[in-house]
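Student: The sequence shown begins at 771 in this note's numbering and counts up one residue at a time. Sharing a structure, written as structure tokens. Questions coming.
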Amino acid sequence: MIKDAVAVLDIGSSKVTVTLGERGVNGTFVIHSSCDVEYAGFAENDFSLDASDGIYIDEAINTAVETVKRNSDVKFNRIYVGVPAFFLQTRTISHSNSYDKKTKINANDVKRFIETGLVGVQMDGYYRIDTRAVYYTLSDGSVINNPIGKKSVNLSGILSITFCKSNFKAKIDSILVKLGVSSVLYVPSPLSECLYLFSEDRRNNYNILVDVGFSSSCFCVVYRNGIV
């Protein structure tokens, strides 16, 4: 039903796209409304301040959001924003938690593993938008994607942490709040593409994604559950 649909804002180097849709069957999507609007683009880690090459990002997002709301008759106040690689930085770190004895790993152990791994991890001028374990390693040497239910005396692994440039987030926040969008969730576009395009089995090996855009392109390597 359309009431279960989610709104997504994808920001490209030459256009923005707002889509309202929901998950269908067999990995498909049901699109209720979508709108593309071209704009002046971005360069040097910021949006163009010269609208002679097209409209400003503010106007483009405004037009796309209002068009989708009007065509779908849905007044959404939450939106997922796909952040292009141009405004992202990804770091990978090795981390390990130990236990007093062999322990059956549960969801709280995984949560603590990520929380303790993040201590002191930050980047000036950037805001953290995604943290995930690329993989986990148990005390018997096994490498797995999901440790819950397994027994081990320690939980180790690699964390992939993605940061979004703070001025990008501030700019988009300021635009969307004026449109009545009170909840904005930022998602790394390259990661979303990798997790959708490459199956879990295929990601047990390294895969390369090359996304060629109008004025910027992305090259990233994905392994198991994250970008490395």
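We put the CB at the ideal spot given by N, CA and C, even for glycine.
#1: Rounded to the nearest angstrom, what separates Asp820 and Tyr826 at their Cα positions?
#2: Suppose you measure from the CA of Thr932 to the CA of Arg861; what does that come to, to the nearest Å?
#3: In whole angstroms, what is the alpha-carbon distance linking Arg848 and Lys872?
#4: Our contact map puts His802 next to Ile772 with C-beta atoms below 8 Å; I'd like the distance itself, whole angstroms only.
#5: Quick one: what does DSSP say Asp820 is sitting in, helix, strand or coil?
#6: Nearest-angstrom Cα distance between Tyr809 and Arg793?
#7: Tell me the rounded alpha-carbon separation between Val982 and Asp806.
#8: Quick one, which of Gln859, Val891, Arg898, Ala903 has its alpha-carbon nearest Asp879's?
#9: Below 7 Å CB to CB, which residues in the same chain sit around Ser822 once its five sequence neighbours on both sides are set aside?
#10: Who are the near neighbours of Val927 in its chain, counting only those whose CB is closer than 6 Å to its CB and skipping five residues on each side?
#11: Determine the burial state of Arg973: buried for a count of at least 16 other Cβ atoms within 10 Å of its Cβ, exposed for fewer.
#12: Could you check which residue in Phe799, Ala834, Pro917 has the C-alpha nearest to that of Ala877?
#13: Looking only at C-alpha atoms, which of Val947, Ile884, Phe856 sits nearest to Ile863?
#14: Does the beta-carbon of Tyr897, which I'm using as the reference point, lie nearer than 6 Å to any heavy atom of the ligand COA?
#15: Just reading off the alpha helix (DSSP H) that Thr886 is part of, what are its end residues?
Tutor: Taking the definition as stated:
#1: Annotation note: pLDDT 49 at Asp820 (below 50); position unreliable, coordinate value reported separately. The alpha-carbon atoms of Asp820 and Tyr826 are separated by roughly 8 Å.
#2: 6 Å
#3: 43 Å
#4: 5 Å
#5: Bear in mind that a pLDDT of 49 at Asp820, under 50, signals an unreliable position, so the model cannot answer this.
#6: 29 Å
#7: 18 Å
#8: Measuring from the Cα of Asp879, the nearest candidate turns out to be Ala903.
#9: At Ser822 the pLDDT is 46, less than 50, meaning the model places this residue with poor confidence; the figure from the coordinates comes in the next sentence. Correct list: empty, nothing qualifies.
#10: Per the sequence presented here, residue 927 reads as Gly, with Val not at that position. Ala903, Tyr905, Tyr906, Thr907, listed in sequence order.
#11: Label assigned to Arg973: buried.
#12: Pro917
#13: Ile884
#14: For the structure depicted, the ligand COA is absent and the ligand set is empty, with no information on it obtainable.
#15: 877-887
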